[in-house]
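The next block holds one structure in the form of structure tokens; read it before the comments.
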Amino acid sequence: MFVLFDDAGKFLAGRVMSEADASLQVELDSGKRVKVKSANALLKFEQPAPAMLLAEARKLADEIDLDLAWEFAPEGEFGFADLARDYFSASAGVVQQAAALFRLFDAPHYFRRAGKGQFKKAPEETVKAALLGIERKRQQQLQIEAWAEELAKGACPQPIQDQIYKILFKPDKNGPEYKAVVEASKRSHKAPLDLLQAAGAITSAYQFHWKRFLFENFPKGTGFPALAPPEIKEALPLAPVRAFSVDDSQTTEIDDALSVQGLGTGTVIFGVHIAAPGLAITPDSAVDKVARERLSTVYMPGWKITMLPDDVVQAYTLIEGRDCPAVSIYFTLDEATFEVKSRETKLERVPIAANLRHDKLDGIVTDATLSGEASADYAFAPELAFAWRLAKHLKAQREVVRGKPENFNRPDYNFRLAGERIEAPDGSESIEIGVRARGSSLDLIVAEAMIMANSAWGGWLAELGLPGIYRSQASLAPGIKVRMGVKALPHAGMGVAQYTWATSPLRRYVDLVNQWQIIACARHGKTAALAAPFKPKDAQLFSIISGFESAYAAYNGFQNGIERFWTLRWLQQNGVTELTAAVMKEGLVRADELPLVFKALGCESLPRGSHVKVRITGLDEMTLDVHATLIERLDEAAAAEEPDSDEDELEAAAAPIALAIDLNDGAGEAEPAAPLG
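For the record, in the sequence shown the residue sitting at position 578 is 559 according to my numbering, with numbers rising by one throughout.
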């Protein structure tokens, strides 16, 4: 005797070797013996052989018309044998009964399972809905097939073109557009990006990076709603100073300026003046909502996306020739020792006498002219000389706290695109890359002044019991990173007792938030906590910190990536095929004269700090990948060199960009993201 039985939803058949009250011992055609519960034995028969029964029943099951079977089926619960007798004939044999079982089991949209071998008709509405769903899936699959065929032949269907960045980076893996790309990649044996480039979906590497960034961070576009800059209604006194700012020529959001009073008297008043949008923009206002959504200005070569509309920026920027509203902090100093005797914060209008520009003065304002070794034939020479001496003093003090000097052995790079523009670059422009040494005289003056102000304001907020947004670092030990929080904690990297960001309120949202708190302190003194917009333990501050860190990381990541693009373009434009570089780790090298970190074959075994010459063998502007090989080692022995604090970020930037496409089509566990190209 043979038996057909249910093994966890799979139908098997075999010879009955023995039978007890609750189970059967069954031998399969393979020779394997299994124990089958009596409740799972669905059909006993003498012939045909088990394998023949399964084959014939499966074939016959495919011929059963489900609509007709549903019509024939009883209204209540019924067994598969009952349906076989109603559908085929009253004398339906075991093959027909098994066929009815298989067909019923495989059609849950027509028949609901009611137990082992038992079924019940689905309601007519359910059947109709299920059939509509099946037809939709069939039509969708046909559409997927058609799109995949087009892609494989080198044409991109418009629906896929419209969703290209969503498909590549934030896909709906059940969407037909995504499935068509996966299917076409498999058919054509091409990586997704290569496939889409060949189909004309992506024609420009620059636009690929730019539009990807916009898709992920500005899905509604970069335009602003119509917003008028709020007026400052407060009557502000005029400061008795001639202030000056120091920025690059491209800077339009001039946040900070400096002033020096009392030179030659023994007591100098050093002023740091910060643009004061916080005097006009209020929390939860229309302008604030725009700023909070963006959180920071985005910078890139030849273009920027500002945090605030240009009309708003121009209303508060510290432009020369105007008396500009400002939040000022004045340090009264001993002119000889730089001892701080007192400090005071004021809300006022500050006469901005000049906007000095780095790119025009870096070669003129030097250590020699500032120290008196060379003549200083430029505006504000005495003030800049004092500010420089003060900056050197402040830096030395911070380095004592840090326990070691700050290392500025790498230059900053300036990217300049040829020509003037009123629109974003398209990637075809010529690029110039210039070098500006970090820690130059003007850099030092501005940096130390801002650190001084940010640290002082952070301490003042804490003293008056107001929360602020702080940056802190517990130590300089490896792996200890800078964190943002609401408590005044030491910043080991800066060498200060506490540190806020409050000097760039036109460009960073956290600075605007801190400015609101500082304004409350300036207006109300010891009772500021009662009037400040943000109270201790205010959940909004934590939300702002979280959003800002996420946005700032994304913006910096894009800036680094697009600068890498322009660096690769510079190599191509100038026909550069060889570079000198320093080895970092595991074959990773840093170019000597370009902002470029990449892997170079042959450098894997060289010690850190080794100086090498490498040959560029390939560049990929889409993946931002650089292919290079070692030509020769240039030094006898590597100089000792500490790992860079940003080495992990640099290594990540040197890796090819990854796509979020799974060419295994979601089967099983998630697979790693597909590489670009």
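For every residue, glycine included, the Cβ atom is placed at its ideal position computed from N, Cα and C.
Computed from a predicted model, the values in this text were never measured in an experiment.
Between Y311 and G247 the beta-carbon gap is near 17 Å, outside 8 Å, which marks them as no contact. Contact check for M281 against Q540 passes: the beta carbons are separated by less than 8 Å. Secondary structure within the stretch 90 to 178: the alpha helix (DSSP H) runs of 4 or more consecutive residues, fully enclosed, are 105 to 133, 139 to 143, 145 to 150, 157 to 169 (chain order). Sorting G590, V595, D573, P588 by C-alpha distance to the C-alpha of K580 places V595 at the top. Between A136 and R168, the C-beta spacing is not below 8 Å.
Beta bridge pairing from DSSP links V416 with Y394.
Taking 8 Å as the upper bound for CB-CB distance, M465 and Y451 are in contact here, some 7 Å apart. For the alpha helix (DSSP H) assignment, the uninterrupted runs of no fewer than 4 residues enclosed by the stretch 478 to 519 are, from N- to C-terminal side, 490 to 505, 509 to 512. In the three-state reduction of the DSSP assignment, P221 falls in the coil class. E197: member of the alpha helix (DSSP H) spanning 186 to 198, first to last residue.
Taking L442 as the centre and dropping the five residues before and after it, the same chain places the C-beta of P448, G449, A469, T481, N495, Q498, I499, C502 closer than 8 Å to its C-beta, in chain order. DSSP, reduced to helix, strand and coil, places E380 within a helical segment of the structure shown.
Membership of P31 in the alpha helix (DSSP H) is indicated by the continuous run 31 to 42. Counting along the chain, the unbroken alpha helix (DSSP H) around S352 starts and ends at 348 to 352. The stretch 42 to 59 and the stretch 25 to 34 do not touch, with fewer than 3 CB-CB distances between them shorter than 8 Å. Around G599, the same chain offers H608 as residues with beta carbons nearer than 6 Å, after the five sequence neighbours per side are excluded. Under the three-pair Cβ rule at 8 Å, the stretch 353 to 371 counts as touching the stretch 422 to 430.
Taking a 10 Å sphere around the C-beta of E559, we find fewer than 16 other C-beta atoms and assign the residue as exposed.
At a Cβ-Cβ threshold of 8 Å, I262 and P211 count as neighbours. Excluding its 5 nearest sequence neighbours in each direction, D2 has C-beta neighbours in its own chain below 8 Å: S19, listed in chain order. I262 carries a coil assignment under DSSP once its states are collapsed to helix, strand and coil. Non-local beta-carbon contacts of Q454 in its own chain, meaning distances under 8 Å to residues more than five positions away in sequence, involve I461, K462, V463, R464, P471, H472, A473, G474, M475 in chain order. Contact annotation, H254 with A186: C-beta distance approximately 43 Å; criterion of less than 8 Å not satisfied. Burial check for R84: the Cβ neighbour count within 10 Å reaches 16 or more, so the residue is buried.
With a threshold of 16 other beta carbon atoms within 10 Å, Y359 falls short and is exposed. Counting only runs that start and end inside the stretch 236 to 313, the alpha helix (DSSP H) elements of at least 4 residues fall at 267 to 275, 291 to 297.
Cβ-Cβ distances below 8 Å link V381 to G476 in the same chain, with the five nearest sequence neighbours on each side left out; the list follows chain order.
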